[in-house]
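Enquirer: Protein chains in written order, with my numbering: chain A, 19 to 250; chain B, 7 to 304.
(1) For residue 75 of chain B, which residues of its own chain have a beta-carbon under 6 Å away from its beta-carbon, when the five flanking residues on both sides are left out?
(2) So residue 78 of chain A is in the beta strand (DSSP E); what residue range does that whole segment cover?
(3) If you run the structure through DSSP and keep just helix, strand and coil, what is residue 223 of chain B?
(4) Could you check which residue in A:212, A:122 and A:218 has the C-alpha nearest to that of residue 4 of chain B?
(5) Could you name the residues of the region 141-158 of chain A whose beta carbon sits closer than 8 Å to any beta carbon of chain B, in the order they occur along the chain?
(6) To the nearest angstrom, how far is it from the Cα of residue 178 of chain B to the Cα of residue 202 of chain B?
(7) For residue 289 of chain B, count the other beta carbons within 10 Å of its own beta carbon; 16 or more makes it buried, fewer makes it exposed. Which is it?
(8) Helix, strand or coil, according to DSSP, for residue 96 of chain A in the structure here?
(9) Can you tell me whether residue 69 of chain B is buried or exposed? The criterion is at least 16 other CB atoms within 10 Å of its CB, across all chains shown.
(10) To be precise: take each residue of the region 238-253 of chain B, compare its Cβ to all Cβ atoms of chain A, and keep it if any distance is under 9 Å. Which residues remain?
(11) Tell me the start and end of each unbroken alpha helix (DSSP H) in the region 142-203 of chain B that is at least 4 residues and wholly inside, in chain order.
(12) If you check the beta carbons only, do residue 61 of chain A and residue 221 of chain A fall under 9 Å apart?
(13) Which class does residue 189 of chain A belong to by DSSP, given the choice of helix, strand or coil?
(14) Out of B:281, B:266 and B:280, which one is the CA nearest neighbour of residue 274 of chain B?
(15) Short of 9 Å Cβ to Cβ, which residues in the region 17-40 of chain B face chain A?
(16) Where does residue 40 of chain A fall in DSSP's three states?
(17) Would you please verify whether the beta carbon of residue 59 of chain B is less than 9 Å from any beta carbon of chain A?
(18) Span of the alpha helix (DSSP H) holding residue 25 of chain B?
(19) In chain A, which residues lie less than 7 Å from residue 186 of chain B when you measure between Cβ atoms?
(20) Quick one: list the residues of chain A neighbouring residue 176 of chain B, beta-carbon separation under 8 Å, in chain order.
(21) Would you say residue 204 of chain A and residue 175 of chain A are within 9 Å of each other, going by their C-beta atoms?
(22) With distance defined between alpha-carbon atoms, name the residue in A:167, A:168, A:200 and A:212 nearest to residue 189 of chain A.
(23) Between residue 63 of chain A and the rest of its own chain, which residues show a CB-CB distance below 7 Å, the 5 nearest in sequence each way excluded?
(24) Is residue 192 of chain B near residue 46 of chain A, with beta carbons less than 9 Å apart?
(25) Tell me the residue span of the beta strand (DSSP E) that contains residue 230 of chain A.
(26) For residue 183 of chain B, go through chain A and note every residue whose CB falls closer than 7 Å to its CB, in chain order.
(27) Counting along the chain, where does the alpha helix (DSSP H) carrying residue 114 of chain A start and finish?
(28) Less than 8 Å between the CB atoms is what I'm expecting for residue 284 of chain B and residue 49 of chain B, so what's the real figure, rounded?
(29) Under DSSP, the alpha helix (DSSP H) around residue 46 of chain B begins and ends at which residues?
(30) In this structure, how does DSSP classify residue 250 of chain A when only helix, strand and coil are distinguished?
(31) What's the gap between the Cα of residue 305 of chain B and the Cα of residue 18 of chain B?
(32) Tell me whether the beta-carbon of residue 77 of chain A lies closer than 9 Å to the beta-carbon of residue 26 of chain A.
(33) Would you call residue 130 of chain A buried or exposed, if buried means 16 or more other Cβ atoms sit within 10 Å of its Cβ?
The following block contains the structure:
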């Protein structure tokens with residue numbers, strides 16, 4: 019395995035009395051997609067939020083060798099992290115164009131790429147993001163992460179709540195967007211993860227239950243059944 | 007006919023003062039979820055700064071007025087930014103402590119003002135034009151009311167332009183919706199907080215300087231007195247909405263003037279305006295709890 023771009027070591031998160039992440043450790047290699055899998059409530063979203071410093075956490079997180087454990091969220095993001103949150107979280111009262119402008123960090127934002135992947139965003143630039151459909155809002159959320167040349171994308175359940183037809187569309191776009199980029203992808207849908215990811219990390223009740231290639235996970239049907247609740 | 011016109015325009019003038027205080031309150035609560043009970047102090051600071059400059063600086067009355075206005079805006083901005091950086095920032099998300107410290111600050115600074123300048127109102131040397139009247143539809147309207155209305159309209163336009171057309175304005179609007187996501191886009195949302203506080207301080211200090219002309223004097227208690235109505239305006243208008251605050255301020259000011267006058271003339275109950283405003287607040291909270299321009303929680 020190549021040198022990890024993102025290294026998470028001994029990550030702990032508490033919400034009140036609840037110990038949500040219990041010493042989570044894993045690596046995300048540079049290039050390609052790593053899927054972060056697990057049942058509902060396993061701690062997947064919390065792991066992404068802890069990496070970004072959006073929740074109080076203990077443990078060590080390094081990005082490209084730099085320790086980002088104690089940094090504020092905006093500083094972590096400025097190191098080249100793109101974030102696509104669960105439930106999109108577009109700014110509903112802002113237009114599509116304003117949502118994208120807000121995400122600009124690079125001197126030369128990649129509008130050409132974003133508009134090639136999502137032509138709809140150019141057509142609806144002046145429309146309030148809150149009036150878009152779920153699938154269209156997901157495109158805005160993805161575009162916000164892709165508009166900068168990020169080192170890593172943290173993508174949280176991009177297909178959640180979308181109609182089956184739109185899921186396929188979003189997965190196609192993710193596949194194109196991933197290209198050679200590094201992505202940590204939280205996904206409930208094993209079929210989607212299998213299509214996009216090379217490596218997988220499985221969380222179970224705040225602990226790592228599996229880390230390896232996605233093929234190895236699928237070849238172990240008991241793992242998939244036990245930790246993901248699906249038949250691979 | 008002249009009495010309703012006079013009441014309407016003076017009501018708008020009073021509403022203008024409420025709006026200048028409410029604008030900052032609405033933005034700070036909308037963006038930062040900070041209920042700043044010390045916000046009225048910025049109005050008091052603005053009034054006393056304007057008074058000090060106007061009474062100690064030479065030149066024509068308009069030069070003194072201009073310097074007083076400029077000085078009060080600057081001091082208002084610095085005071086508000088200092089309060090945000092030193093007292094509010096360490097207490098984000100600790101709402102009870104925020105309320106305690108801002109109430110304490112309001113009491114302490116009001117007492118300090120009384121200690122330094124005395125508890126009694128002091129006459130404010132406005133330019134002569136401010137004390138004269140303009141005849142509108144047969145009503146003699148004091149120019150200080152027209153000046154307050156014009157200033158509030160300018161502040162509303164400037165804030166609307168800032169929020170609509172500048173990057174920082176977009177950050178503030180986005181932050182009102184979801185400040186966590188603003189940070190997750192790599193934006194230092196704390197700087198937006200300081201900026202919003204400073205803008206609120208500027209508007210409040212402007213309100214203080216204009217209130218000095220409106221009432222003809224400065225008073226250590228005025229910030230606190232106006233703050234109560236500014237809070238009501240923010241709730242009626244909808245938290246975080248500047249336009250909502252502007253509409254609510256106009257409605258509250260006009261209603262207060264009409265109720266005070268007519269209840270006073272008919273029944274000798276001259277403080278009915280305050281009661282009418284509280285009744286309006288109760289109705290809005292019952293019928294539309296999110297306020298006129300607020301968004302209902304999902």
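All C-beta atoms in this analysis are idealised placements derived from N, C-alpha and C, irrespective of residue type, glycine included.
Expert: The answer reads as follows:
(1) The count along the second chain starts at 1 and reaches residue 75 of chain B at position 69. Excluding residues up to 5 positions away in sequence, 215 lie with their Cβ nearer than 6 Å to the Cβ of residue 75 of chain B in the same chain.
(2) Within the first chain, residue 78 of chain A is the residue found at index 60, counting from 1. Per DSSP, residue 78 of chain A belongs to the beta strand (DSSP E) from 76-81.
(3) Start at 1 with the first residue of the second chain, and residue 223 of chain B comes out as number 217. Assignment of residue 223 of chain B by DSSP, reduced to helix, strand and coil, places it in the strand class.
(4) Nothing can be reported for residue 4 of chain B: it is not among the residues displayed for chain B, which extend from 7 to 304.
(5) So the list is empty, because no residue satisfies the distance condition.
(6) Here residue 178 of chain B corresponds to residue number 172 of the second chain, with the count starting at 1. Here residue 202 of chain B corresponds to residue number 196 of the second chain, with the count starting at 1. Residue 178 of chain B and residue 202 of chain B have their C-alpha atoms roughly 8 Å apart.
(7) The residue given as residue 289 of chain B occupies position 283 in the second chain. Under a 10 Å Cβ-count criterion, residue 289 of chain B is classified as exposed, with fewer than 16 other Cβ atoms of the shown protein chains found around its own Cβ.
(8) As a position in the first chain, residue 96 of chain A is number 78, starting the count at 1. Three-state result, residue 96 of chain A: helix.
(9) Counted from its first residue, the second chain places residue 69 of chain B at position 63. The residue in question, residue 69 of chain B, is exposed, as its Cβ has fewer than 16 Cβ neighbours within 10 Å.
(10) Residues: none.
(11) For the region 142-203 of chain B, the continuous alpha helix (DSSP H) assignments of 4+ residues that do not extend past its boundaries occur at 149-171 and 173-189, in sequence order.
(12) For the purposes of this step, residue 61 of chain A is taken as the residue at position 43 of the first chain. For the purposes of this step, residue 221 of chain A is taken as the residue at position 203 of the first chain. Pairing residue 61 of chain A with residue 221 of chain A gives a Cβ-Cβ distance under 9 Å.
(13) Translated into the one-based positions of the first chain, residue 189 of chain A becomes position 171. Correct three-state label for residue 189 of chain A: helix.
(14) Here the question's residue 274 of chain B lines up with position 268 in the second chain. Looking at the Cα atoms, B:266 is the closest of the given residues.
(15) Flagged: no residues at all.
(16) Translated into positions along the first chain, residue 40 of chain A becomes position 22. Looking at residue 40 of chain A - three-state DSSP - the assignment turns out to be strand.
(17) Taking the first residue of the second chain as 1, we reach residue 59 of chain B at position 53. Cβ-Cβ to chain A under 9 Å: no for residue 59 of chain B.
(18) Numbered from 1 along the second chain, position 19 holds the residue referred to as residue 25 of chain B. Per DSSP, the continuous alpha helix (DSSP H) segment holding residue 25 of chain B begins and ends at 8-38.
(19) Position 180 of the second chain holds residue 186 of chain B. Residues of chain A passing the Cβ test: 72.
(20) Counting from 1 along the second chain, the entry for residue 176 of chain B is found at position 170. Within chain A, 112, 116, 119 and 120 have C-beta atoms less than 8 Å from the C-beta of residue 176 of chain B, given in sequence order.
(21) Walking along the first chain from the start, residue 204 of chain A turns up at place 186. Walking along the first chain from the start, residue 175 of chain A turns up at place 157. Going by C-beta atoms, residue 204 of chain A is nearer than 9 Å to residue 175 of chain A.
(22) Start at 1 with the first residue of the first chain, and residue 189 of chain A comes out as number 171. The shortest Cα separation from residue 189 of chain A among A:167, A:168, A:200 and A:212 belongs to A:212.
(23) Residue numbering aside, residue 63 of chain A sits at position 45 when the first chain is read from its first letter. Sequence-distant partners of residue 63 of chain A (beyond 5 residues in either direction) whose C-beta falls short of 7 Å from its own C-beta, in its chain, are 104, 174 and 204.
(24) On the second chain, position 186 is the one that residue 192 of chain B refers to. On the first chain, position 28 is the one that residue 46 of chain A refers to. Cβ atoms of residue 192 of chain B and residue 46 of chain A: not closer than 9 Å.
(25) Taking the first residue of the first chain as position 1, residue 230 of chain A is located at position 212. From DSSP, the beta strand (DSSP E) with residue 230 of chain A extends over 225-231.
(26) The count along the second chain starts at 1 and reaches residue 183 of chain B at position 177. For residue 183 of chain B, the chain A residues whose C-beta falls within less than 7 Å of its own C-beta are 109, 110 and 111, listed in chain order.
(27) For this step, residue 114 of chain A is matched to residue 96 along the first chain. That run of the alpha helix (DSSP H) goes 114-121.
(28) Residue numbering aside, residue 284 of chain B sits at position 278 when the second chain is read from its first letter. Residue numbering aside, residue 49 of chain B sits at position 43 when the second chain is read from its first letter. Residue 284 of chain B to residue 49 of chain B, Cβ: 21 Å. No contact.
(29) The sequence position of residue 46 of chain B within the second chain is 40, counting from 1. Here the alpha helix (DSSP H) through residue 46 of chain B covers 45-62.
(30) Taking the first residue of the first chain as position 1, residue 250 of chain A is located at position 232. Unreliable placement is indicated for residue 250 of chain A, whose pLDDT of 48 sits below 50; the coordinate value is still reported in the next sentence. Looking at residue 250 of chain A - three-state DSSP - the assignment turns out to be coil, as it is neither helix nor strand.
(31) With chain B represented from 7 up to 304, any question about residue 305 of chain B goes unanswered, as that position is not in the structure.
(32) Taking the first chain and counting its residues from 1, the one referred to as residue 77 of chain A is at position 59. Taking the first chain and counting its residues from 1, the one referred to as residue 26 of chain A is at position 8. For the pair residue 77 of chain A and residue 26 of chain A, the CB atoms are nearer than the 9 Å cut-off.
(33) In the first chain, counting from the first residue as 1, residue 130 of chain A sits at position 112. Classification for residue 130 of chain A: exposed.
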